[in-house]
Amino acid sequence: VSHDNITLEKLANTSLMRDKERLQRLLDTTNIIPWEACAKSRILTHVGEQAEQMLGYPAQVWLEPDFWISHIHPDDRETTLARSAEFLKSANQFQYEYRMIAANGRIVWINDIVSVEREGGKASRIHGFMIDVTERKQSENTLTLLSGRLITAQEEERKRIARELHDDLNQRMALLSIELEQVGQMLPDNADGLAERVKGVQKKAIGISTEIHRMSYKLHPSKLDHLGLAPALKSFCAELAESRGLTIDFRHEGFPAALPRNTTLCLFRIAQEALQNAAKHSGASKITVHLTKSDENVALVVSDAGQGFDVDSNKMTTGLGFISMKERLRLVAGTIDIKSKQWTGTQISVSVPLKNVLSLRPALSQDS
Numbered sequence: 147v148s149h150d151n152i153t154l155e156k157l158a159n160t161s162l163m164r165d166k167e168r169l170q171r172l173l174d175t176t177n178i179i180p181w182e183a184c185a186k187s188r189i190l191t192h193v194g195e196q197a198e199q200m201l202g203y204p205a206q207v208w209l210e211p212d213f214w215i216s217h218i219h220p221d222d223r224e225t226t227l228a229r230s231a232e233f234l235k236s237a238n239q240f241q242y243e244y245r246m247i248a249a250n251g252r253i254v255w256i257n258d259i260v261s262v263e264r265e266g267g268k269a270s271r272i273h274g275f276m277i278d279v280t281e282r283k284q285s286e287n288t289l290t291l292l293s294g295r296l297i298t299a300q301e302e303e304r305k306r307i308a309r310e311l312h313d314d315l316n317q318r319m320a321l322l323s324i325e326l327e328q329v330g331q332m333l334p335d336n337a338d339g340l341a342e343r344v345k346g347v348q349k350k351a352i353g354i355s356t357e358i359h360r361m362s363y364k365l366h367p368s369k370l371d372h373l374g375l376a377p378a379l380k381s382f383c384a385e386l387a388e389s390r391g392l393t394i395d396f397r398h399e400g401f402p403a404a405l406p407r408n409t410t411l412c413l414f415r416i417a418q419e420a421l422q423n424a425a426k427h428s429g430a431s432k433i434t435v436h437l438t439k440s441d442e443n444v445a446l447v448v449s450d451a452g453q454g455f456d457v458d459s460n461k462m463t464t465g466l467g468f469i470s471m472k473e474r475l476r477l478v479a480g481t482i483d484i485k486s487k488q489w490t491g492t493q494i495s496v497s498v499p500l501k502n503v504l505s506l507r508p509a510l511s512q513d514s
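Residue numbers (the working numbering): 147 to 514.
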């Protein structure tokens, strides 16, 4: 029995050694750095040899106090440390992304996946893997640049068409209406039937002119350029309420006249899409729009008490309008949250930071 136990132990040790060798070979062929650190001091106590290959610093140097902190990109350092400390209070797993400066000056994007060991409920040790995601980030940045150019081109084309509708076609319709009025005045007194027809045509011309103005404003509201987001959105709410027979309660708090153009345009287009969807699909007689600003972000909430929908299965969240919302928000580092249930209404909440915010998020499989 003793001999059998020794044999089994040897087999187990051999199997364990093979597994460790396989893992080491896997790590050696990937841009992944395994590491361990003290949770309180953030001083690394172990780092894999892959660290030198990825960032150019020998593994031993990484163990020096403040090495990791001092080599985080200066623009990311404060946010990275603050969010890390926040997650360490309660999360057993989390991940975040930040930039580090390599030995040759190259900027490397790191996706850091962290596991937390606790003693008495407090974080004592942390360990995880740093993954080089620079190529992915570069691809994302290229996509964002192209997407931004596409949206800019789209807005410029909208602006051009709106200007032509307002300055050309609408002016022609106005002249036509004036000429019809003059024709009506020139008719003899006994041509009542013809006079009524001329008035009817003039009324239609005025209606077409009004519709052209509405289309022009929908394509590109001039108030957005001259007065800012709050007045332009207030005007759009009033116009939509009148045309749809709705009540739209628009409120804004702490709002400045000037915001970055991309932020202004993003929030206006999202509000426009959300309001039109609510007017068309919700069945609600009242819609609320709330626009607020803090030192850190601008928030927009569009809500109704209509029929609502299932967010997970409804085609509205996969349609072009919603995709456009998400793409616009991605360009300004914004977020969107949709809450809706059937017969209880819908609330769309959007937040756009006034400064660029580092992308940090809990792991999908976070424990608490």
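Ideal Cβ placement from N, Cα and C applies to all residues, glycine included.
Excluding five sequence positions before and after Ala320, the CB atoms of its chain that fall closer than 7 angstroms to its own CB belong to Ser355, given in chain order.
Here Gln241 carries a strand assignment [DSSP, helix/strand/coil]. In this structure Leu209 is in contact with Leu190, their Cβ atoms being roughly 5 angstroms apart against a cut-off of 8 angstroms. The residues Gly400, in chain order, have a CB closer than 8 angstroms to that of Ser440 in the same chain once the five nearest residues on each side in sequence are set aside. The three-state secondary structure of Val279, taken from DSSP, is coil. Below 8 angstroms, too few C-beta pairs join the segment 288-301 and the segment 257-267 to call them touching: fewer than three. Taking 4 residues as the shortest admissible run, the segment 215-261 contains the following complete alpha helix (DSSP H) segments, listed from N- to C-terminal end: 220-234. Taking every protein chain shown into account, the CB of Thr409 has 16 or more other CB atoms within 10 angstroms, so this residue is buried. Secondary structure at His359: helix, using DSSP grouped into helix, strand and coil. Collapsing the DSSP output to three states places Val478 in coil. Under a 10 Å Cβ-count criterion, Ile433 is classified as buried, with 16 or more other Cβ atoms of the shown protein chains found around its own Cβ.
Between Glu385 and the set Ala237, Cys412 and Glu357, the nearest pair of CA atoms involves Glu357. Per DSSP, reduced to three states, the secondary structure at His427 is helical. Trp214 is not a Cβ neighbour of Arg252, given a cutoff of 8 angstroms.
The Cβ-Cβ distance between Thr492 and Ala445 does not fall below 8 angstroms. Annotation for Val279: Glu243, Trp255, Ile256 and Asn257 place their beta carbon closer than 8 angstroms to its own, counting only its chain and skipping 5 residues before and after.
Between the alpha carbons of Ser236 and Ser497 lies a gap of roughly 25 angstroms. In the DSSP assignment, Arg390 falls within the unbroken alpha helix (DSSP H) covering Leu375 to Arg390.
Just so you know, the alpha carbons of Leu500 and His366 end up roughly 23 angstroms apart.
Counting every other CB atom within 10 Å of its CB across the protein chains shown gives Arg474 a total of 16 or more, marking it as buried. In the three-state DSSP reduction, Lys501 falls in the coil class, being neither helix nor strand. By the neighbour-count criterion, in which a residue is buried when 16 or more other Cβ atoms sit within 10 angstroms of its Cβ, Thr393 is exposed. In the DSSP annotation of this structure, the continuous segment of the alpha helix (DSSP H) that includes Asp371 starts and ends at Ser368 to His372. Distances from the CA of Val193 to each of Pro334, Glu224 and Ile272 were compared; the closest alpha carbon is that of Ile272.
8 angstroms or more divides the Cβ of Gln418 from the Cβ of Phe468. The residue among Asp314, Ser431, Cys184 and Leu340 with its C-alpha nearest the C-alpha of Gly274 is Cys184.
In this structure, the CA atom of Phe414 is about 11 angstroms from the CA atom of Leu437.
Within the same chain, Cβ atoms closer than 6 angstroms to the Cβ of Arg397 are found at His436, the five residues on either side in sequence being excluded. DSSP places Ile433 inside the beta strand (DSSP E), whose first and last residues are Lys432 to Lys439. A Cβ-Cβ separation of about 5 angstroms places Ile259 in contact with Gln241 under the 8 angstroms criterion. One thing to note: Ile179 has its Cβ within 8 angstroms of the Cβ of Met276.
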